[in-house]
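> Here you go, one structure.
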Amino acid sequence: MKRIVWWPALVLTMLLLVGCSQQAEVPAAIKTVEQEKMFDASRDFDQIIDEARGTKVDFYGWGGDENRNKWLNGTVAPILKEKYDIDFEYIGMNIEDILAKLSGEKQAGAETGTIDMIWINGENFFSAKENDLLFGPFAENLPSYQQYVDIQDSEVLYDFGFPIEGYEAPYGKAQLVLIHDGRVTDETPKNAAEFLAYCKKYEGQVTYPALPDFTGSAFVRTLIYDLVGHEQFMTMEPDKEVVKAAIEPALEYLRSLNPYLWNQGTTFPATSGEVNNMFTDGQIVMTMSYNPYAVAVGIGDGTFTDTTRSFLFDNGTVGNTSYMAIAMNAPNKAGAMVAINEILSAEVQATQFAELKTLPVISYDNLTDEEKALFDQVDIGEGVLPQDELLSKRLPEMPANLVPIIEEIWLEEVVGK
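To get the working numbering, take the position in the sequence shown, counting from 1, and add 194.
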């Protein structure tokens with residue numbers, strides 16, 4: 195849209211009309227992006243709470259997890275309403291569409307957008323931060339962040355290898371687990387070599403989600419780590435040829451799997467949901483999840499049999515943290531900060547652990563005895579691994595700018611090969 199040449203004159207006229215009064219406010223209709231950026235996240239948090247009272251907060255994120263949707267709108271929302279008179283709504287949308295919406299608003303010069311909070315991590319956070327779509331820093335000013343979070347934890351400082359710098363706050367921990375039904379298969383392969391033998395034994399009955407599905411991509415990275423280690427990737431330049439050379443042994447391994455996979459590896463299920471459906475229908479003998487307690491949830495709701503179990507490779511599986519961010523042009527930054535702070539509280543993190551079986555992002559050592567009891571009394575359910583075993587076999591994520599390169603190479607060098 196072209197700028198109108200008399201716009202500065204209009205602003206000057208209006209400023210003259212209000213005089214030099216320090217109390218004068220610029221009308222909302224002519225607020226600039228720079229003025230919107232002046233929201234002070236570092237002021238006293240009680241002032242931010244006062245500003246947030248009686249407002250509405252819209253939280254955008256992936257909507258495919260009905261249990262999470264229920265927790266957000268049925269547990270978190272009432273807490274925020276009761277404590278702060280905040281109307282909180284979770285709006286399900288794919289992250290690609292969320293970022294496209296933010297980018298479109300920025301390009302259109304929308305000074306006040308429609309998104310307050312965002313569920314985000316990894317390459318999406320890297321892209322959003324690089325393109326100035328996120329507000330911050332804000333996390334360090336949250337009382338719950340300071341009280342409960344281990345601020346020296348690498349997953350609090352870095353998201354997929356990239357500095358967070360206060361532009362997002364932790365939300366929940368995830369870790370890849372492998373899943374089988376003990377009544378169908380006794381084996382639980384402990385490494386890549388055993389997994390190949392497993393696929394040969396159950397030829398045509400094993401598969402994984404096609405990349406870039408989040409879970410499928412994590413599974414491939416776990417296999418890469420098992421075959422060539424993970425340390426080299428932490429400082430690797432995002433050059434396709436460099437990455438390809440580093441993972442070549444894993445590419446050869448993945449190609450060797452294909453003849454024994456479902457559909458001979460010529461195609462792969464598009465999503466982890468499809469793989470789960472194939473598993474529950476008996477088409478395949480194994481599935482996987484980025485929720486380490488997915489088996490307990492599945493047994494609880496009848497999706498999985500009571501003999502379903504989760505397992506890990508001996509060298510571990512990829513784990514990461516998801517985060518909450520605030521849009522640069524969020525209409526309610528104060529409300530978003532209050533909502534994020536409350537989600538980081540011991541009370542709400544405990545409800546997330548109890549209702550969703552999501553690994554908490556707050557440090558157990560930072561809790562009072564009463565707060566520890568909230569977590570200690572949670573029944574994690576059947577068929578799952580204890581938290582200490584999960585965390586002891588938790589492998590770090592690759593830097594975000596390597597992930598899409600590996601996904602592209604996989605498509606070119608593995609599918610149908």
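In this text, a Cβ means the ideal position worked out from N, Cα and C, and glycines have one as well.
1. Mark residue 579 as exposed unless 16 or more other C-beta atoms lie within 10 angstroms of its C-beta, in which case mark it buried.
2. Cβ atoms of residue 369 and residue 513: under 8 Å apart, would you say?
3. Taking the beta carbon of residue 428 as the centre, do at least 16 other beta carbons fall within 10 Å, making it buried, or is it exposed?
4. Suppose the cutoff is 6 Å on Cβ atoms and the five residues either side in sequence are ignored; what does the same chain contact list for residue 334 look like?
5. Helix, strand or coil: which one does DSSP assign to residue 369?
6. My understanding is that residue 519 touches residue 328, with C-beta atoms under 8 Å, so please give their C-beta distance in whole angstroms.
7. Could you tell me which residues DSSP pairs with residue 375 in its beta bridges?
8. Is residue 449 helix, strand or coil when you go by DSSP?
9. Nearest-angstrom Cα distance between residue 312 and residue 298?
10. Since residue 409 and residue 466 should fall inside the 8 Å C-beta cutoff, what is the C-beta to C-beta distance between them, to a whole number of angstroms?
11. Pull up the distance between the alpha-carbon of residue 344 and that of residue 567, whole angstroms please.
12. What is the rounded straight-line gap between the Cα of residue 347 and the Cα of residue 445?
13. Along the chain, which unbroken stretches of the alpha helix (DSSP H) at least 4 residues long are found entirely within the stretch 223–283?
14. Which ranges would you report for the beta strand (DSSP E) in the stretch 509–573 if only whole runs of at least 3 residues count?
15. What are the boundary residues of the beta strand (DSSP E) that includes residue 311?
16. Helix, strand or coil for residue 409 per DSSP?
17. Going by beta carbon distance, what residues of the same chain come within less than 6 Å of residue 459, once the five residues before and after it are set aside?
18. 8 Å is my cut-off, CB to CB: does residue 469 come that close to chain D?
19. Tell me whether the beta-carbon of residue 525 lies closer than 8 Å to the beta-carbon of residue 310.
20. Spatial neighbours of residue 577 within its chain, please: C-beta separation below 7 Å, excluding the five flanking residues on both sides.
21. Hey, would you say residue 403 sits closer than 8 Å to residue 463, going by beta carbons?
22. Are the stretch 558–574 and the stretch 277–291 touching, with three or more C-beta to C-beta distances below 8 Å?
23. Tell me the rounded alpha-carbon separation between residue 235 and residue 601.
24. Could you give the DSSP three-state label for residue 592: helix, strand or coil?
25. Who are residue 481's beta bridge partners in DSSP?
Taking the geometry as given:
1. That one is buried.
2. Yes. Within cutoff.
3. exposed
4. So the qualifying residues of the chain are 360.
5. strand
6. 5 Å
7. 502
8. helix
9. 16 Å
10. 4 Å
11. The straight-line gap from Cα to Cα measures roughly 19 Å.
12. 32 Å
13. 227–230, 239–246, 260–265, 271–278
14. Taking only runs of at least 3 residues, the beta strand (DSSP E) segments lying wholly in the stretch 509–573 are 511–520.
15. Per DSSP, residue 311 belongs to the beta strand (DSSP E) from 311–314.
16. helix
17. The beta carbon of residue 459 is closer than 6 Å to those of 452 in its chain, skipping five residues each way along the sequence.
18. The structure shown has no chain D; it contains just one protein chain.
19. yes
20. 489, 490, 493, 502, 503, 504
21. yes
22. Taking a cut-off of 8 Å on C-beta distances, the stretch 558–574 does not touch the stretch 277–291, as fewer than three cross pairs fall below it.
23. 37 Å
24. Three-state result, residue 592: coil.
25. 373
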